[in-house]
Amino acid sequence: MLIISEEKKLEEELELDQLTKQVMNLAYDNSLSKSLMVHGIENHTGMVNYWMRELSLREPMSINLQKNLIYAISFHDSGRSEEGTDPQHAKRSAEIAKKIIPHYFPDADLNSIIWGIENHSCLRAPNDAVYGTKKFFPVIDNFEVPDGVNPLIPSYLWDVDRLDMLRFPGCDKVDERRLSTKVAKEFANSECHVRAYR
Ligand SMILES: [Fe+2]
Ligand SMILES: [Fe+2]
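Count the sequence shown with this note's numbering and you get residues 646 to 843, in order.
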């Protein structure tokens, strides 16, 4: 029994690895700017996918959830035109995802993916504008999640994106107040997390 479940786990890992490569290539082929270094597929987006898989080892996620996260992560910055703040990139990335994902992956949870991408770069939550208050931070509890959106998809997308904040030279700690899930809060700034950036 144990052997079968181990085998199944390995098969799933392999399936997710192959899917990640396929979706990342698709996102790259359809991305607005192919010359970005930091936000390129090999760098930031690759790391964000890596952190999702790392969190899945600590908090069990269904294979369906992981597939939807691979779609969301791979496309979340596809609309970037530059490396800086690029305030409109979330909307543009969502537009690209909306066109491409259902064509190749008709079973994807498109509503949840698109809503997650559209809101992934909000600097503050819509409920409160005062810095320092609990409601300021752009975490899932501070948003009105529309009907039909699975909150786990935006929550994990935003968290794993933020775990890669350590790539910035001046950033040596991820602000846990900006994380939505318990597992990401526990993992952020751990030895395993920080070591990847040394
Ligand atoms: Fe982004
Ligand atoms: Fe990102």
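Even glycine gets a Cβ: it sits at the ideal position worked out from N, Cα and C.
In this structure, Ser723 lies near Ile741, with their beta-carbon atoms less than 8 Å apart. Around ligand 2, the residues selected by a Cβ distance under 5 Å to any of its heavy atoms are Asp722 and Asp806, following chain order. At least one heavy atom of ligand 1 sits closer than 7 Å to the Cβ of Ser766.
Taking the Cβ of Ala672 as the reference point, every heavy atom of ligand 1 lies at 7 Å or farther away. A buried status is given to Gly761, since no fewer than 16 other beta-carbon atoms sit within 10 Å of its beta-carbon.
For the pair Thr778 and Glu651, the Cα-to-Cα distance works out to about 45 Å. Excluding sequence positions up to five before and after Cys816, its CB lies within less than 7 Å of the CB of Met810, all in the same chain and listed in chain order. Ranked by Cα distance from Leu655, the first of Val794, Leu702, Leu797 and Pro799 is Leu702. Taking 3 residues as the shortest admissible run, the region 659-705 contains no complete beta strand (DSSP E) segment at all.
Contact between the region 718-735 and the region 752-766 is present: 3 or more CB-CB pairs across the two stretches fall below 8 Å.
Here DSSP, grouped into helix, strand and coil, assigns Asn756 to helix. Taking the CA atoms as reference points, Asn713 sits about 15 Å from Pro705. Your pair Leu802 and His838 does not check out as a contact, with CB atoms roughly 17 Å apart and the cut at 8 Å. Here DSSP, grouped into helix, strand and coil, assigns Glu821 to helix. One thing to note: Leu824 has its Cβ within 8 Å of the Cβ of Asp804.
Assignment of Asn795 by DSSP, reduced to helix, strand and coil, places it in the coil class.
For Ile718, the enclosing alpha helix (DSSP H) starts and ends at Ile708 to Phe720. DSSP places Glu740 inside the alpha helix (DSSP H), whose first and last residues are His734 to Tyr749.
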